[in-house]
Every structure is written in structure tokens, then in C-alpha cells.
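Everything on this sheet refers to the single structure shown next.
2 protein chains.
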Amino acid sequence: MGMTQRRETILEELTHAQELDALQHATEALRDHFGIDHMVYHWVNSAGEQYGCGTYSDAWRDRYIEQDYIRIDPVIIGCYQRFHPVDWKRLDWSGKAARAFQREAIEYGVGNQGFSIPIRGPNGQFALFTVSHHCDDDTWAVFTDANRRDLILIAHEFNQKALDFEPERAPEQARALSPREVDAMTLLAMGYSRAQVAETLSISEHTLRVYIESARFKLGALNTTHAVAQAMTRGLIVV
Amino acid sequence: MGMTQRRETILEELTHAQELDALQHATEALRDHFGIDHMVYHWVNSAGEQYGCGTYSDAWRDRYIEQDYIRIDPVIIGCYQRFHPVDWKRLDWSGKAARAFQREAIEYGVGNQGFSIPIRGPNGQFALFTVSHHCDDDTWAVFTDANRRDLILIAHEFNQKALDFEPERAPEQARALSPREVDAMTLLAMGYSRAQVAETLSISEHTLRVYIESARFKLGALNTTHAVAQAMTRGLIVV
DNA sequence: TTTTCTCTCCCCAGAAATGGTGAGGGGGCG
DNA sequence: CGCCCCCTCACCATTTCTGGGGAGAGAAAA
Numbered sequence: 002m003g004m005t006q007r008r009e010t011i012l013e014e015l016t017h018a019q020e021l022d023a024l025q026h027a028t029e030a031l032r033d034h035f036g037i038d039h040m041v042y043h044w045v046n047s048a049g050e051q052y053g054c055g056t057y058s059d060a061w062r063d064r065y066i067e068q069d070y071i072r073i074d075p076v077i078i079g080c081y082q083r084f085h086p087v088d089w090k091r092l093d094w095s096g097k098a099a100r101a102f103q104r105e106a107i108e109y110g111v112g113n114q115g116f117s118i119p120i121r122g123p124n125g126q127f128a129l130f131t132v133s134h135h136c137d138d139d140t141w142a143v144f145t146d147a148n149r150r151d152l153i154l155i156a157h158e159f160n161q162k163a164l165d166f167e168p169e170r171a172p173e174q175a176r177a178l179s180p181r182e183v184d185a186m187t188l189l190a191m192g193y194s195r196a197q198v199a200e201t202l203s204i205s206e207h208t209l210r211v212y213i214e215s216a217r218f219k220l221g222a223l224n225t226t227h228a229v230a231q232a233m234t235r236g237l238i239v240v
Numbered sequence: 002m003g004m005t006q007r008r009e010t011i012l013e014e015l016t017h018a019q020e021l022d023a024l025q026h027a028t029e030a031l032r033d034h035f036g037i038d039h040m041v042y043h044w045v046n047s048a049g050e051q052y053g054c055g056t057y058s059d060a061w062r063d064r065y066i067e068q069d070y071i072r073i074d075p076v077i078i079g080c081y082q083r084f085h086p087v088d089w090k091r092l093d094w095s096g097k098a099a100r101a102f103q104r105e106a107i108e109y110g111v112g113n114q115g116f117s118i119p120i121r122g123p124n125g126q127f128a129l130f131t132v133s134h135h136c137d138d139d140t141w142a143v144f145t146d147a148n149r150r151d152l153i154l155i156a157h158e159f160n161q162k163a164l165d166f167e168p169e170r171a172p173e174q175a176r177a178l179s180p181r182e183v184d185a186m187t188l189l190a191m192g193y194s195r196a197q198v199a200e201t202l203s204i205s206e207h208t209l210r211v212y213i214e215s216a217r218f219k220l221g222a223l224n225t226t227h228a229v230a231q232a233m234t235r236g237l238i239v240v
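Protein chains in written order, with my numbering: chain A, 2 to 240; chain B, 2 to 240.
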């Protein structure tokens with residue numbers, strides 16, 4: 002499975018890729034280096050937007066998006082609830098839709114084996130890094146055991162690249178909230194009503210409203226719920 | 002800085018630790034192996050609860066919690082908005098409170114240098130892995146450059162351990178929201194009013210209310226804002 | 001030092017959200 | 001087939017939030 006020196010070279014290429022083309026090239030080089038069928042980085046956003054790069058066929062990618070498979074893909078669903086990298090065999094493939102999906106994926110050239118690493122960034126960002134291959138269970142187990150750590154690091158690199166390439170997806174730096182505003186947003190995010198927040202902070206509800214409005218203004222939010230969501234997204238409060 | 006063989010041994014110990022004592026021991030062994038002052042894993046819980054293990058003094062940990070420093074600690078605030086590991090020097094230490102905090106931390110034995118890695122797990126889990134040392138900038142830069150990748154993997158191990166040890170800390174696995182509920186929560190988080198959401202989804206406002214209430218129930222939320230905040234921390238919606 | 005921000009308090013009326021209950025058709029899973 | 005969940009719609013009264021105003025003291029930053 003290739004020489005260590007060559008791996009270092011490819012990782013360098015990945016780390017220094019400045020454009021999607023270069024990233025795509027590094028991805029293919031890595032896949033070939035590992036001697037597997039596919040390597041994919043897939044940015045998922047539950048609003049349905051997707052973005053990524055990898056070596057799946059265009060036909061499969063189009064099919065996946067067109068069918069909104071993201072909603073039933075056990076890899077997505079399973080990784081969403083895990084921290085650990087996971088072998089596809091350990092996912093939940095029961096259910097009619099999931100099995101049909103798997104069958105179709107293999108028809109489109111996806112391997113019968115797979116290993117996916119969930120990655121999370123600020124702002125609830127979620128992405129997957131997957132390697133896939135067509136082989137028997139034992140061969141695959143040997144491969145994943147041997148390369149698990151490298152794959153975690155590569156997944157990390159990919160996500161870093163994705164965040165670098167698409168900074169607009171990361172929250173813009175907002176004017177910081179004042180301590181009282183943070184308190185207000187935090188308690189509201191914890192489900193307190195305005196009256197409860199005011200009581201908790203030992204201030205009048207009128208005063209509290211000033212904070213909320215001021216926070217709303219600073220965050221460019223349309224209403225309280227929006228302001229809380231924005232404060233969370235931008236990492237201004239930790240709930 | 003130590004032999005590779007020994008590092009492997011310690012990593013094995015970390016990987017196979019079954020109890021907090023063993024974890025603590027592995028932490029100290031790793032710190033000594035790297036030849037640094039501190040190594041800390043710090044779990045920041047949704048409700049503001051904290052938990053972790055590491056080599057900071059008990060006095061400092063107590064002081065930190067007692068003073069609610071989590072609210073002003075630039076390491077927390079900065080890492081919350083980043084994906085990349087970050088050197089403390091690159092954080093925002095302007096502001097009186099932040100500088101006072103830093104001064105006090107050093108008095109309590111925290112290093113003047115630090116390197117922190119944000120880690121995120123399912124359900125909005127957030128933790129930090131930090132190494133800290135007392136030395137000059139150049140020495141520290143050499144250290145972090147040389148060990149960046151290993152530290153990322155170690156951070157990963159720590160979080161895996163934390164999730165293994167305290168599965169109950171992960172907020173109860175909420176029943177997944179239905180597609181319509183996700184739509185509703187997402188649009189509400191975007192600042193739409195109920196009427197606007199209903200129009201956008203082409204359903205009656207009455208129907209929309211059913212979704213919101215059902216989502217609130219599933220999330221154990223007290224009101225709409227709380228439900229949206231919960232959906233966000235649990236990674237059920239991405240805004 | 002000046003200016004900007006923060007914290008605190010108050011009024012009012014209209015708009016929006018909430019809680020409780022009820023009901024019918026459709027789909028998947030055991 | 002029965003059960004459970006999803007999607008859709010409706011009415012009632014009550015509570016809560018929002019959008020306009022205005023005002024003064026003190027602290028921090030430029």
C-alpha cells in the first residue's frame with residue numbers, strides 16, 4: 002500500500018491546496034495511494050445544501066441529491082449521532098428504504114465496504130469524510146485498523162480546507178454583546194420567559210426588554226428567537 | 002522530547018483506560034512525556050456544567066468555576082468559533098477582564114503559552130483539549146509545530162473516552178424531528194414569524210402550530226425559543 | 001477628556017404566541 | 001391487520017411579546 006514518503010508528499014499537497022481543483026487532485030492521489038475505490042468529503046447542512054469533493058461518480062452524486070437521499074442515508078444518520086469514526090457494517094441498515102439505498106449505491110460504483118468519520122465545526126457545521134472500497138470484510142478490517150489515525154487527520158485537513166475555501170459559511174464576527182445582554186440571551190435560550198428572566202436577573206421586565214432589543218439590534222435579528230439563534234450561531238452564548 | 006516507543010505505550014494506556022483514575026494517570030504520563038506543564042481536557046456542557054480531567058491545580062479549577070470564568074475565558078470564546086487548533090497568542094486578549102483573567106491564571110500555575118483544540122461531538126457537545134507551558138514564544142512554536150498532529154489525535158482520544166465514560170452527559174437522545182418539524186424550526190431560527198413560516202411552507206398556521214408544539218414536546222422545550230435553541234445545540238437544524 | 005457604551009427605570013396599545021381539544025387520511029413496521 | 005407516527009386543518013380565551021416613545025448615572029474606551 003504505497004510508501005510512507007509518498008504519503009507525506011500527498012498530504013503536503015492537500016495541506017497547501019488553494020483551489021478546489023488542487024483539492025480534487027489531492028483527493029484522487031490519496032485514494033490511489035491507499036489503493037481504495039473512493040475517498041469523499043461531504044459537507045452536509047440540513048437545510049439540504051450540500052457541498053464536497055470526492056471520487057464518487059457524477060451520476061451517483063446527482064442521483065443522491067435529486068432523490069434527497071441525505072434524509073435516509075444510514076451513514077449520515079448514524080454519523081450524526083456519533084463522535085467515533087464508524088464502519089458502515091455497524092450502522093443500521095434495517096428498514097426498506099435503507100436497503101434499497103444501499104443496493105443502488107453499489108450499482109453506482111460505491112464500495113460494499115465503507116468507513117466514515119463525522120466532523121463538526123463551529124456553528125453546528127457537520128461534514129463527513131468517507132473511504133469506501135469493494136472487498137471482503139477481513140481485508141477491510143485490516144485496512145481500517147492500519148489507517149484509522151491517518152484517516153482522522155486527513156478528515157481534519159479536509160474540513161480545514163472546506164472552512165478556508167468557504168469562509169462565508171462561517172459566522173461573521175458580530176459586535177460582542179454586553180454581559181447583561183449575554184445573560185438575557187442565555188436565559189431565553191434556556192427556555193425562560195421574559196418575566197422569568199427579569200426575575201432571575203433581578204431587574205424589571207422593562208429593563209430586560211431594552212437588553213433584548215439592543216441585542217436584537219446588534220445581531221441584526223428580526224425577533225427574539227432569531228436573536229437567540231444568532232447569538233448561538235456566532236458563539237456568543239453557550240447554552 | 003522522549004522516544005516514540007514510549008509515546009506509543011502511553012497512548013495505549015490512554016486508549017484502554019477504563020476509569021477516570023487510569024485516564025488521569027495517562028494524562029499525567031503524557032504531560033511528562035511531552036515535557037510540558039499542563040495537559041487538560043475540559044468538557045463544556047450545554048447547561049454551563051463543566052467536567053474534565055487534567056493537570057491544572059485544584060485551586061485554579063475551583064477558582065475558575067467559582068468565578069464563572071467560562072464566560073470571559075478567551076480560550077473558550079475563541080475556540081467556540083473555530084475549528085482549527087489555536088495558539089493562545091492568536092486569541093483576543095484585549096479587554097480588562099480578559100487580561101486580569103490571564104494574569105490570575107498564570108499566578109495559579111497555568112503556563113503563559115497554550116495551545117487549545119476545540120472538539121465537538123453529537124448533540125452540540127463541546128470540549129477543549131489544551132496543552133500549556135511556561136516558556137518563550139519560539140520554544141513554544143517549535144513544540145506546537147512538531148506535535149500538532151499528535152495532539153489532534155490525543156484530543157480525539159480524550160473525547161472518545163469522555164463519551165464512553167459519561168454517556169449520560171450527552172443530552173438524552175432526542176427522538177429525531179420529522180422533516181416538517183425540521184423545516185419549522187429552521188425557518189423560526191431564521192427569524193420568520195409563525196405566519197411567515199406557514200406561508201413559506203404553504204400550510205395553514207394552525208398546522209404549523211402542531212409542528213412547533215410537537216417539536217417542543219420531543220425536545221422537552223418550554224417554549225418556541227427554547228425549542229429552536231435545543232434543536233440547534235443538538236445539531237438537528239443548521240442555520 | 002470627550003465620547004461611546006452600559007445599566008437601570010417607566011408608559012401604552014396592538015400584534016403575536018400559547019394551551020387545550022378535536023378530527024381525518026396516509027404510510028410503514030411487526 | 002393493528003399500531004404508531006406524519007401531515008393537514010379548526011376554534012377558543014389568555015398570556016406574552018413587540019414597537020414606539022423618553023431619561024439619567026456611571027464606566028470604559030479612544
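Each residue gets a CB set at the ideal place from its N, CA and C atoms; glycine is no exception.
Residue pairing for Gln-114/B: DSSP places it in a beta bridge opposite His-134/B.
Here the alpha carbon of Thr-187/A sits roughly 30 Å from the alpha carbon of Leu-129/A. In the DSSP secondary-structure assignment, Pro-119/A is bridged to Leu-129/A. Under the DSSP assignment, Gln-51/B falls in the beta strand (DSSP E) whose first and last residues are 51-55. Contact residues of the region 104-134 of chain A toward chain B are Pro-119, Ile-120, Arg-121, Gly-122, Pro-123, Asn-124, Gly-125, Gln-126 and Phe-127 (C-beta to C-beta distance below 9 Å). Shown here, Trp-94/A sits in coil according to DSSP, grouped into three states, outside any helix or strand. Note on Val-198/B: 16 or more other CB atoms within 10 angstroms of its CB, so buried under the neighbour-count rule. In the three-state reduction of the DSSP assignment, Asp-22/B falls in the helix class. For Ile-204/A, the nearest beta carbon of chain B is not closer than 8 Å to its own beta carbon. Membership of Tyr-42/B in the beta strand (DSSP E) is indicated by the continuous run 39-45. Assignment of alpha helix (DSSP H) within the region 142-215 of chain B, counting only whole runs of 4 or more residues, yields 180-190 and 195-202 in chain order. Secondary structure at Asp-88/A: strand, using DSSP grouped into helix, strand and coil. For Val-239/A, there is no enclosing alpha helix (DSSP H), as DSSP gives it neither H nor E.
In the structure shown, Leu-223/A adopts coil according to DSSP, grouped into three states. Distance between Lys-162/B and Arg-100/B, taken at the CA atoms: about 33 Å. Gly-236/A has a beta carbon lying within less than 8 Å of a beta carbon in chain B.
Neighbours of Arg-83/B in chain A, taken as residues whose beta carbon is under 7 Å from its own, are Pro-123 in chain order. Looking only at Asp-137/A, Ala-23/A, Trp-89/A and Tyr-109/A, the smallest Cα-Cα distance to Arg-62/A is reached by Tyr-109/A. In summary, the residues of the region 57-72 of chain A whose CB is separated from some CB of chain B by less than 8 Å are Arg-72, in the order they occur in the chain. Asn-224/B and Arg-217/B have their alpha carbons spaced roughly 7 Å apart. A straight-line Cα-Cα distance of about 16 Å links Tyr-70/A and Trp-89/A.
Against chain A, the beta carbon of Asn-224/B has neighbours under 8 Å at Gly-192 and Ser-194, listed in chain order.
Assignment of Tyr-81/A by DSSP, reduced to helix, strand and coil, places it in the helix class. Beta-carbon to beta-carbon, Ile-118/A and Leu-154/A are separated by about 10 Å, too far to satisfy the 8 Å threshold. Against Asn-160/B, the close residues of chain A are Phe-84, in the order they occur along the chain (beta-carbon pairs closer than 7 Å). Within a 10 Å sphere around the beta-carbon of Ile-107/A sit fewer than 16 other beta-carbons, which makes this residue exposed. Think of a sphere of 8 Å around the beta carbon of Leu-31/B: no beta carbon from chain A falls inside it, the nearest being about 16 Å out. For Glu-206/A, the closest of Arg-181/A, Ala-228/A and Gly-125/A by C-alpha to C-alpha distance is Arg-181/A. When 9 Å is used as the limit between beta carbons, His-34/A is near no residue of chain B, the shortest such separation being about 18 Å.
For Ile-66/A, the uninterrupted alpha helix (DSSP H) segment begins and ends at 59-67. Linking Gly-96/B to Pro-86/B through their CA atoms gives a straight-line distance of about 23 Å. For Ala-216/A, the closest Cβ of chain B is not nearer than 8 Å. Only exposed fits Ile-66/B, as fewer than 16 other CB atoms lie within 10 angstroms of its CB. Under the 8 Å criterion on CB atoms, Ile-213/B is classed as non-interfacial with respect to chain A. The Cβ of Ile-11/B sits no closer than 8 Å to any Cβ of chain A. Tyr-70/A sits in a helix when the DSSP states are folded into three classes.
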